[in-house]
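Residues in the sequence shown are numbered consecutively from 21, following my numbering. Beta carbons are placed, not taken as given, at the ideal position from N, Cα and C, and that holds for glycine.
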Amino acid sequence: MAPLFDSHAHISDRRFDGCRDEVVFRIREKLAGFMEIGADMRSSFEAAACARKYDECWAAVGVHPADVDQLSDEALSELRRLAAMPKVRAIGEIGLDYHYDDGLPEELQQLWFRRQLDLALELGMPVCVHSRDADEDTMRILKESGCFSKERARRFAALPDGGPDARVLMHCFSGSAELAAQYVKLGASISLAGPVTFKNAKKAVKVAEQTPLCRLLIETDCPYMAPEPHRGETNEPSYVEFVARKIAEIKGISFEEAAQATFENAVRFYGIDHPALRGRCDGRV
Ligand SMILES: [Zn+2]
């Protein structure tokens with residue numbers, strides 16, 4: 021079976037209390053691995069612990085824009101400590117979310133987005149970005165922070181399409197195909213989740229169509245946004261298969277090719293020395 025990799029999951033979420041072992045069982049049956057992503061201080065700590073506990077798990081640590089009021093100089097030091105733990109591969113998810121009227125003030129979100137980006141740049145780590153209804157500010161801050169600088173790209177080998185690798189992942193991308201193309205040009209990669217499988221998913225389908233395969237990652241963002249045919253249910257990493265199937269359909273390639281390519285993109289992005297890849301690197305585009 022082609023390897024599948026969920027590049028963004030939250031199995032530490034309380035919704036999985038009581039069924040986490042079954043979820044991990046299905047991960048082991050179906051996936052080559054997954055990234056457990058921190059969204060606040062507690063889940064960042066749990067993501068690092070999850071990576072230690074499960075062979076097929078790697079982790080990212082960071083605080084989501086909805087929870088940046090937890091951050092302080094001390095909390096940032098704690099994130100730095102967690103980032104140095106084994107199998108912690110990225111800073112995230114971090115970013116901006118202007119969707120809710122009662123969300124945290126934009127200035128506060130921007131301040132901590134910048135400071136967490138500074139941490140990622142200092143540590144030379146990949147960044148997993150959450151951006152919702154904040155296209156312009158997200159792009160501006162990523163640029164201003166130096167994420168797309170030549171200096172940053174020099175840290176990493178060029179991507180298979182010859183473009184620079186900024187190690188910036190736009191997770192659960194909800195923007196336009198034009199915006200995705202701008203990010204790709206700057207050296208970012210794009211991750212698609214359950215919404216690309218939804219019947220009214222015109223925008224995400226266009227993004228999948230136009231984004232080069234070597235820049236596409238797939239994810240569940242579980243427990244949220246389960247793909248079809250599980251829409252409305254609690255999402256889990258094994259459902260990433262349905263995102264891969266949809267990418268295959270859109271790109272006109274086989275499921276195996278879509279799974280293999282997105283797996284290779286994910287392990288390259290997160291710098292994972294995965295047993296399934298050892299000894300081979302075909303530079304597929
Ligand atoms: Zn998430």
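Which residues in the same chain as GLY291 place their Cβ atom closer than 8 Å to its Cβ, once the five residues preceding and following it in sequence are excluded? Against the sequence shown, residue 291 aligns to sequence position 271. Taking C-beta separations shorter than 8 Å and ignoring five residues to either side along the sequence, the partners of GLY291 in its chain run ARG109, PRO146, following chain order.
To the nearest whole angstrom, what separates the beta carbons of TRP78 and MET105, a pair I think is in contact under 8 Å? The count along the sequence shown starts at 1 and reaches residue 78 at position 58. The count along the sequence shown starts at 1 and reaches residue 105 at position 85. Contact between TRP78 and MET105 fails: their C-beta atoms lie close to 11 Å from each other, not under 8 Å.
Quick check on the burial criterion: 16 or more other C-beta atoms within 10 angstroms. Buried or exposed for SER92? Numbered from its first residue, the sequence shown carries residue 92 at position 72. Exposed, because fewer than 16 other Cβ atoms sit within 10 Å of the Cβ of SER92.
Assuming the contact rule is C-beta atoms closer than 8 Å, HIS294 and ALA52 should be a hit. Round their C-beta distance to whole Å, please. In the sequence shown, residue 294 corresponds to position 274, counting from 1. In the sequence shown, residue 52 corresponds to position 32, counting from 1. Indeed, because the Cβ distance is near 7 Å, the residues count as touching under 8 Å.
Range covered by the beta strand (DSSP E) that runs through PHE54: Looking up residue 54 in the sequence shown gives position 34. Where PHE54 is concerned, the enclosing beta strand (DSSP E) stretches over 53-57.
Just to confirm the assignment, what range does the alpha helix (DSSP H) spanning ALA173 have? If you number the sequence shown from 1, residue 173 lands on position 153. ALA173 -> alpha helix (DSSP H) spans 170-174.
Residues that ILE111 bridges to, as DSSP identifies them: Taking the sequence shown and counting its residues from 1, one reaches residue 111 at position 91. ILE111 is bridged to VAL81, VAL147.
HIS266, buried or exposed, once every other Cβ within 10 Å from all chains shown has been counted against 16: Here residue 266 refers to the residue found at position 246 when the sequence shown is read from its first residue. Here residue 266 is Lys; the residue named in the question, His, does not match the sequence. Around the beta carbon of LYS266, 16 or more other beta carbons lie within 10 angstroms, which makes this residue buried.
Three-way DSSP call (helix, strand, coil) for ILE210 in this model: Taking the first residue of the sequence shown as position 1, residue 210 is located at position 190. Note: ILE210 maps to strand in three-state DSSP.
Count the other C-beta atoms from every protein chain shown that fall within 10 angstroms of the C-beta of ALA29, then say buried if there are 16 or more, exposed otherwise. If you number the sequence shown from 1, residue 29 lands on position 9. The residue is buried, with at least 16 neighbouring Cβ atoms inside 10 Å.
Tell me the rounded alpha-carbon separation between ALA69 and GLU76. By 1-based counting over the sequence shown, the position of residue 69 is 49. By 1-based counting over the sequence shown, the position of residue 76 is 56. For ALA69 and GLU76, the gap between their C-alpha atoms comes out near 13 Å.
Quick one: is the Cβ of ALA71 within less than 7 Å of any heavy atom of ligand 3? Here the bound small molecules are ligand 1; ligand 3 is not part of this structure.
Along the alpha helix (DSSP H) that carries ALA95, what are the first and last residues, could you check? Reading the sequence shown from its first residue, position 75 is the one you call residue 95. That run of the alpha helix (DSSP H) goes 93-103.
Taking 7 Å as the limit between beta carbons, can you name the residues of its chain near ASP274, skipping five residues before and five after? On the sequence shown, residue 274 is found 254 positions in, with the first residue counted as 1. Reading the sequence as shown, one finds Ser at residue 274 and not Asp. Result list for SER274: ALA268, in chain order.
Any non-hydrogen atom of ligand 1 closer than 7 Å to ILE57 Cβ: Residue 57 sits at position 37 when you count from the first residue of the sequence shown. Relative to the non-hydrogen atoms of ligand 1, the Cβ of ILE57 comes within a distance shorter than 7 Å of at least one.
Taking Cβ to Cβ, would you say PRO126 is nearer than 8 Å to TYR118? Your numbering for residue 126 matches position 106 in the sequence shown. Your numbering for residue 118 matches position 98 in the sequence shown. In the sequence on display, residue 126 carries Glu and not Pro. By the CB criterion at 8 Å, GLU126 and TYR118 fall inside the cutoff.
With 16 other Cβ atoms within 10 Å as the buried cut-off, status of GLY115: Numbered from 1 along the sequence shown, position 95 holds the residue referred to as residue 115. Burial state of GLY115 is buried, judged by a 10 Å Cβ sphere holding 16 or more other Cβ atoms.
Using a threshold of 7 Å, is the CB atom of HIS30 nearer than that to any non-hydrogen atom of ligand 1? Along the sequence shown, read from residue 1 onward, the residue named residue 30 stands at position 10. Yes, since a heavy atom of ligand 1 falls inside the 7 Å radius drawn around the Cβ of HIS30.
My understanding is that ALA59 touches HIS84, with C-beta atoms under 8 Å, so please give their C-beta distance in whole angstroms. For the purposes of this step, residue 59 is taken as the residue at position 39 of the sequence shown. For the purposes of this step, residue 84 is taken as the residue at position 64 of the sequence shown. Right, their Cβ atoms sit about 4 Å apart.
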